[in-house]
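If you're matching them up, the sequences are chains A and B in order.
For the first sequence, our numbering gives the first residue as 3, with consecutive numbering after it.
For the second sequence, our numbering gives the first residue as 74, with consecutive numbering after it.
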Amino acid sequence: AQKITQTQPGMFVQEKEAVTLDCTYDTSDQSYGLFWYKQPSSGEMIFLIYQGSYDEQNATEGRYSLNFQKARKSANLVISASQLGDSAMYFCAMRDPYNQGGKLIFGQGTELSVKP
Amino acid sequence: AAGVIQSPRHLIKEKRETATLKCYPIPRHDTVYWYQQGPGQDPQFLISFYEKMQSDKGSIPDRFSAQQFSDYHSELNMSSLELGDSALYFCASSNSGTSGGPLGLNTQYFGPGTRLTVL
C-alpha cells in the first residue's frame with residue numbers, strides 16, 4: 003500500500019530565507035505522481051507543484067521546487083525567498099496508481115511559520 | 074480561471090439530521106473526488122466519480138451517499154449525522170485527459186470546502 007510520511011509537524015523560517023519541507027513515500031509501483039498542496043488558515047487546498055516518477059528533472063514552479071530523489075523515495079519541497087504569506091500547512095500527496103479513480107493519499111502535513 | 078465551486082461554505086446541523094453538499098467541477102473536468110478533513114488531520118478520500126460513474130470508494134460511512142449528475146456536478150448526501158462528522162469536506166476535480174504536460178498526471182484541483190458542524 004502507498005504511504006506518505008512528513009516527519010516535520012512544524013517548521014519555522016525567517017522571511018526571505020529558503021526552507022525545505024520533507025516528504026518520503028512508499029510504493030512498489032514504478033509509475034506514480036507526487037503532489038504538494040498548501041492549506042492556509044482559511045482552509046482551501048491550493049495545488050503547488052507536481053513531480054512524475056519518470057520526470058528526469060526536478061519540478062519547479064516559481065519559488066517552489068521539488069527535490070526529487072527517486073532512489074531514496076523522497077520528494078522534498080523547497081520554498082525559496084520565504085514570504086509571510088507562505089505561512090500555512092503543507093501537504094505532500096501521492097496519486098494512487100492502482101485505481102482509475104486516482105485518489106490522493108496525503109501525508110500528515112507540515113505547518114510552516116514564516117517569521118518577519 | 075474557473076475553479077471548483079462548493080456550496081454551502083458553512084453548514085450547521087443537529088445530530089441525526091441530514092445534509093447535502095454540492096460540488097461544481099471545473100468545466101471540462103470529468104472526474105470528481107470527495108475528501109473529508111477532520112480537525113488537525115490530513116484529508117481522507119471518501120469517493121470519486123468518473124463520467125458520472127463511481128470510480129473508487131474510500132472510508133465513506135454507509136450513512137453517506139454521493140452521485141454525479143449529467144452536468145457533472147456532484148452531491149454528497151449525509152444522513153443520521155453524528156458529532157464525529159464535523160469536518161471540512163472538500164470536492165476536487167480533474168481532467169483524465171491531461172495525462173502528461175506541465176500540469177502532470179491528472180492534477181486534482183480542490184474547491185474551497187464546506188465546513189460542516191454537527192451539534
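Glycine included, C-beta positions come from ideal geometry on N, C-alpha and C.
Terminal residues of the beta strand (DSSP E) in which residue i lies
i: residue 35 of chain A; result: 35 to 41
i: residue 94 of chain A; result: 90 to 97
i: residue 54 of chain A; result: 48 to 54
i: residue 123 of chain B; result: 117 to 123
i: residue 113 of chain A; result: 112 to 117
i: residue 128 of chain B; result: 126 to 130
i: residue 163 of chain B; result: 160 to 167
Spatial distance of residue i from residue j (CA atoms)
i: residue 106 of chain A; j: residue 94 of chain B; result: 20 Å
i: residue 166 of chain B; j: residue 184 of chain B; result: 8 Å
i: residue 76 of chain A; j: residue 89 of chain B; result: 44 Å
i: residue 79 of chain A; j: residue 68 of chain A; result: 5 Å
i: residue 181 of chain B; j: residue 49 of chain A; result: 8 Å
i: residue 37 of chain A; j: residue 46 of chain A; result: 16 Å
i: residue 127 of chain B; j: residue 98 of chain A; result: 16 Å
i: residue 89 of chain A; j: residue 52 of chain A; result: 20 Å
i: residue 85 of chain B; j: residue 158 of chain B; result: 11 Å
Under the three-state DSSP convention, the category residue i falls into
i: residue 12 of chain A; result: strand
i: residue 106 of chain A; result: strand
i: residue 28 of chain A; result: strand
i: residue 154 of chain B; result: coil
i: residue 172 of chain B; result: Its pLDDT being 49, under 50, residue 172 of chain B is placed unreliably by the model, and nothing is read from it.
i: residue 86 of chain A; result: helix
i: residue 181 of chain A; result: Absent from the model: residue 181 of chain A. The displayed extent of chain A is 3 to 118, so no value can be given.
i: residue 5 of chain A; result: strand
i: residue 142 of chain B; result: coil
Selected residue, minimal CA-CA separation from residue i, among the options
i: residue 25 of chain A; options: A/56, A/5, A/59, A/19; result: A/5
i: residue 122 of chain B; options: B/111, B/113, B/106, B/96; result: B/106
i: residue 92 of chain B; options: B/144, B/145, B/152, B/83; result: B/152
i: residue 143 of chain B; options: B/104, B/158, B/116; result: B/104
i: residue 36 of chain B; options: A/98, A/91, A/116, A/53; result: The question about residue 36 of chain B has no answer here: the residues shown for chain B are numbered 74 through 192.
i: residue 41 of chain A; options: A/95, A/17, A/55; result: A/95
i: residue 74 of chain A; options: A/13, A/14, A/29, A/3; result: A/29
i: residue 155 of chain B; options: B/110, B/79, B/136; result: B/136
i: residue 150 of chain B; options: B/96, B/110, B/74, B/124; result: B/96
i: residue 164 of chain B; options: B/146, B/134, B/190; result: B/146
i: residue 87 of chain A; options: A/34, A/113, A/108, A/57; result: A/113
i: residue 83 of chain B; options: A/104, A/59, A/44, A/108; result: A/44
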